[in-house]
Structures are given as C-alpha cells and as structure tokens.
Amino acid sequence: MIKKFVLIAILFLCLFSCKTVDINKTLDITLTTIQATEKAARPISDEEEYYIGRAVAARMFLYYTLYENHELTNYINSIGKVIALHSEKPFTFGGYHFALLNSNEINAFACPGGIVFLTKGMLKLAKSEDELAAIVAHEIAHVNHRDGINSIKQARWTEALTIIGTTAAKQYGDEDLLKLVNIFENSIDDILKTLIVNGYSKTREYAADEKALQYLAKAGYNPYALLNVLERLRQSTKSEGGILNTHPDTTDRINNLKDKIPVVSLDLNAFKKRTLRFNSFVKE
Numbered sequence: 058m059i060k061k062f063v064l065i066a067i068l069f070l071c072l073f074s075c076k077t078v079d080i081n082k083t084l085d086i087t088l089t090t091i092q093a094t095e096k097a098a099r100p101i102s103d104e105e106e107y108y109i110g111r112a113v114a115a116r117m118f119l120y121y122t123l124y125e126n127h128e129l130t131n132y133i134n135s136i137g138k139v140i141a142l143h144s145e146k147p148f149t150f151g152g153y154h155f156a157l158l159n160s161n162e163i164n165a166f167a168c169p170g171g172i173v174f175l176t177k178g179m180l181k182l183a184k185s186e187d188e189l190a191a192i193v194a195h196e197i198a199h200v201n202h203r204d205g206i207n208s209i210k211q212a213r214w215t216e217a218l219t220i221i222g223t224t225a226a227k228q229y230g231d232e233d234l235l236k237l238v239n240i241f242e243n244s245i246d247d248i249l250k251t252l253i254v255n256g257y258s259k260t261r262e263y264a265a266d267e268k269a270l271q272y273l274a275k276a277g278y279n280p281y282a283l284l285n286v287l288e289r290l291r292q293s294t295k296s297e298g299g300i301l302n303t304h305p306d307t308t309d310r311i312n313n314l315k316d317k318i319p320v321v322s323l324d325l326n327a328f329k330k331r332t333l334r335f336n337s338f339v340k341e
C-alpha cells in the first residue's frame, strides 16, 4: 500500500511538472526511495537484536565485573531456560544466557536478545529456587516484550536503515560508515542509560511483573514467590541497590499484583526438592 501510494504520488508530480522528465530515471529513483522507506519502517530483526544485545552486555562490564562461579551460573541458566520455555518466546536468535555480576547492589538487567544479568546482591534477596525463578522470570518478560531494544530512539533506527537501504554495502563511503558506527554506539548508549540510570516506565515494569506470574505458574513454580521477593525488596533501602532507583515504588508493584496471582496446585515434594537444590548451590 505504501509503495503504491508513493509511486502514484511521484509519477503524478512528474507528469504535471513543467520540466522535461526522464521517466525511466524517475522510476529508478522512485523505486529506490520506496525500498529505502520500507526498510526504514521495519522493526529490528531478531538477529539484529541479538548483536545489539551482545554489545550492550559487553558494555555492561565497564560498570560491573563478572562473578565466576560455573556451578552456580549453570544452575541459574537451567532455571532461566525452563522459565523461557514457558514464555511467549521460548528461544531467541542467540539463545538465553544468564550470568552473575560481582556486586552487592540489588539489581538485574535484561539485555536485548536474551542475555540476563543478576547481581550477587539480587541473588541474596532470593531465599528459595521459586524466588530466584521469579526474579529471572521478570527479566525474561522484558526480553519477550523487547523493552531493551525499544529503548533505542526511533530516529536513530530510521536513519540507520535509510543509509543501509539506499546504499549497497560495497559502496559505503567513509561518511556513511562513520554515521552507522555512531548510530550503533548511540543505540547502545540509549539501552544502557535505560537499564542503569532511567529504568523502564511503570507500565513496562507492571507488564513484566504480570507476565512473570504466568511464566512461574506454567513452569510449576509458586507465583507468590514474586510477591515474596518484592516484599523483601520493599524492606531494603536505596543505598543497597540501583533497582530501587530505576523501578516503580515497590508497594505499588505489590498492590498491582495482588488480584492477578494465578491459581495453581503446588507439588510440595517438588518444592522440597527445589529448596534442597537451591541451598546446595546458593550458599550463604
């Protein structure tokens, strides 16, 4: 529809112009413009989101260091991948990956494409596997909702795709390449600023909380675990972590969820096994 409308509009202007027009040349320019416009209007693909997410994750290490505990990291990954299987997007282009940051700050970050970081401080907030799963589920919801990638200013993405759409890769000039590099760098900065400084809107955080409840229930975890985590978070102080500075008021988050808890039938034996497993990996 866009292609047809633009083509008709340009041909109409050409036909009624006072100047002599090379119709073939005009058509070539018109079609090139249409193709560039269509490309600039498309959303970021899963593959593009993956590479942007990797760059965001790499930049995160300017602020935090990785906590290297392979057994614990593998344990968190096993929980995360189970939760992801019960989400709208069980698999991403590069897969889900979960890691710990060596910081006592209470925080967690979902990079575009499925890379999720939890700080040691956030891990300590969890007192059971179900509560750890609740923290992870909230971050997976952000990935599913593409909240990170949507932090990129639309003007940057449109400009990048316009350059890509109008120029063959082998014909990029130095100016085009410099523009693309700057756009990419600024896009990473947009996401990092959202994750670390500004946070998401209340609407996005509420949506992630609500989806987390559904993921937990479908995966066999206790959805009330998310409320337990939030209640413990409410008792924390802002000096203990950035999450209280970048998220909506914790009391408001709890009140938003109270009438949205899914009804589930919990297996007490399975819960006991999960608790033993959690205690064996997460040592005080």
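Just so it is clear: in the sequence shown, position 230 is 287 by my numbering, and no numbers are missing. Think of the CB as a built atom: it goes at the ideal place given N, C-alpha and C, for glycine as much as any other residue. Keep in mind the model is a prediction, meaning the values are calculated, not measured.
Selected residue, minimal CA-CA separation from residue i, among the options
i	options	result
G110	D103, N164, T149 and C168	C168
P305	M179, L325, L287 and V200	L287
N285	Y120, D187, N161 and E104	D187
N164	H143, I192 and G171	I192
E104	A141, F150 and Y120	F150
L270	I140, L252 and N243	I140
Y108	L252, F241 and R289	F241
I318	R289, L175, T303 and A274	A274
Pairwise C-alpha distance: residue j and residue i
i	j	result
E145	E106	17 Å
D232	K138	Looking at the sequence provided, one finds Glu at residue 232 rather than Asp. One C-alpha to the other measures close to 42 Å.
F155	F148	14 Å
R334	Y272	20 Å
A217	L325	53 Å
N161	K177	5 Å
P100	K340	43 Å
L182	A282	12 Å
A276	K259	26 Å
K236	A112	17 Å
K210	L142	30 Å
L189	Y120	23 Å
N131	A115	20 Å
G171	N255	20 Å
R331	N243	42 Å
K329	E128	20 Å
L180	I245	26 Å
S185	S208	32 Å
R289	I253	21 Å
T251	V173	15 Å
Y124	I136	18 Å
Residues near residue i by beta carbon distance below 6 Å, same chain, minus five either side
i	result
T122	N159
L84	Note on L84: pLDDT 41, under 50, position unreliable in the model; the coordinate value appears next. Contacts found: none.
Y257	D204
N134	F155
Y279	Here residue 279 is Asn; the residue named in the question, Tyr, does not match the sequence. Once the five neighbours on either side are set aside, the close Cβ partners of N279 are D187 and L323.
I321	Checking the sequence shown, residue 321 turns out to be Val, not Ile. Only A274 meet the Cβ criterion.
T303	G256
A194	I140, A269, Y272 and L273
F166	F174 and L252
Own chain, CB closer than 8 Å to residue i, minus 5 neighbours either side, in chain order
i	result
R291	T307, T308 and I311
N126	L157
A42	Residue 42 lies beyond the residue range present for the chain, which begins at 58 and ends at 341; the question has no answer from this structure.
L314	D266, E267, L270, L283, L284 and L287
L249	V113, R116 and M117
Residue i burial status per 10 Å Cβ neighbour count (16 or more: buried)
i	result
K268	buried
F118	exposed
D349	In the structure displayed, the chain extends from 58 to 341; residue 349 sits before or after that span and is not available.
V238	exposed
D316	exposed
S337	exposed
E196	buried
G152	exposed
A327	exposed
E262	buried
V200	buried
Short CB-CB distance (under 8 Å) between residue i and chain D
i	result
L142	Of the chains in the structure shown, none is chain D; there is only one protein chain.
Cβ shell of residue i (< 7 Å), same chain only, five flanking positions each side left out
i	result
I206	I101, E106, I109 and P169
**Request:** Please specify which runs of the beta strand (DSSP E), each continuous and at least 3 residues long, are wholly inside the region 168-222, giving them in chain order.
**Result:** You should have 172-176.
**Asked** Which residue spans inside the region 88-169 form an unbroken beta strand (DSSP E) run of at least 3?
**Response** Runs of the beta strand (DSSP E) inside the region 88-169: 154-158 and 165-168.
**Prompt:** Which parts of the region 288-323 are runs of the beta strand (DSSP E), unbroken and 3 residues or longer, counting only runs that do not cross its ends?
**Reply:** Fully enclosed beta strand (DSSP E) runs of 3 or longer: not present.
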